[in-house]
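To start, the structure under review is shown below, and the notes come after it.
Residue numbers (the numbering used here): 1 to 165.
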């Protein structure tokens, strides 16, 4: 639902990637709309908003993407906390791990397998960042995450999406 709302707010396309390990599983979830607190951030929209219009040619659409839509989507992502720091890394974090989707679950499992839970991660200086919306990557949030770290490891699937941003 966040993707649909962001699409309407920022005038961007939205997509959801469904990998086999997630889509072929079963869970009971509370899907009540009251559980969601979706925020449309205060954003200075251009005249007429950001959704596509016939009177704007291809160059104008490209300009709106780079001048407004990316910033609007980033503001939406930030306002709704879609990307977040999961483990702070304690008082002196040195290693940061950025991950997304199924890779996030794999990293959490790998850390658990070697006995690293949140308390241990904070004690040994591991900061973990979970990306819920990969594009556009909120660069301010990434800068806040990276502050003070010696090393950052990006764990994602085969094709690079986060690292190149």
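Here a beta-carbon is modelled for each residue, glycine too, at the ideal position from N, C-alpha and C.
Item                                                                                                                                                                                                : Value
Three-state secondary structure (DSSP) at residue 142?                                                                                                                                              : helix
Could you tell me which of 41, 125, 56 sits nearest to residue 201, measuring between CA atoms?                                                                                                     : In the structure displayed, the chain extends from 1 to 165; residue 201 sits before or after that span and is not available.
Going along the chain, which residues of its own chain have a beta-carbon closer than 8 angstroms to the beta-carbon of residue 123, five neighbours each way excluded?                             : 90
State the start and end residues of the unbroken beta strand (DSSP E) segment that holds residue 97.                                                                                                : 95-100
I think residue 94 touches residue 150, with their Cβ atoms under 8 angstroms apart; what is that distance to the nearest whole Å?                                                                  : 5 angstroms
Let me check one thing: in DSSP terms, what residues is residue 76 bridge-paired to?                                                                                                                : Answer is none; residue 76 lacks a bridge partner.
Would you mind reading off the limits of the beta strand (DSSP E) that contains residue 4?                                                                                                          : Where residue 4 is concerned, there is no enclosing beta strand (DSSP E), although the alpha helix (DSSP H) it sits in stretches over 2-10.
Taking all protein chains shown into account, do 16 or more other C-beta atoms lie within 10 angstroms of the C-beta of residue 138, making it buried, or fewer, making it exposed?                 : buried
What span of residues does the alpha helix (DSSP H) with residue 123 cover, start to end?                                                                                                           : 118-124
Please confirm if the region 44-56 is in contact with the region 9-27, defined as three or more CB-CB distances below 8 angstroms between the two stretches.                                        : yes
In this structure, what does DSSP give as the bridge partners for residue 129?                                                                                                                      : 85, 98
What's the call for residue 54, buried or exposed, on a 16-neighbour Cβ count within 10 Å?                                                                                                          : exposed
Give every residue of the same chain whose Cβ lies closer than 8 angstroms to the Cβ of residue 16, excluding the five residues on either side of it in the sequence, and list them in chain order. : 3
Does the region 106-115 touch the region 73-80, meaning 3 or more C-beta pairs lie closer than 8 angstroms?                                                                                         : no
Quick check: residue 82 and residue 133, are their CB atoms within less than 8 angstroms of each other?                                                                                             : yes
State the DSSP-derived secondary structure class of residue 23, mapped to helix, strand or coil.                                                                                                    : helix
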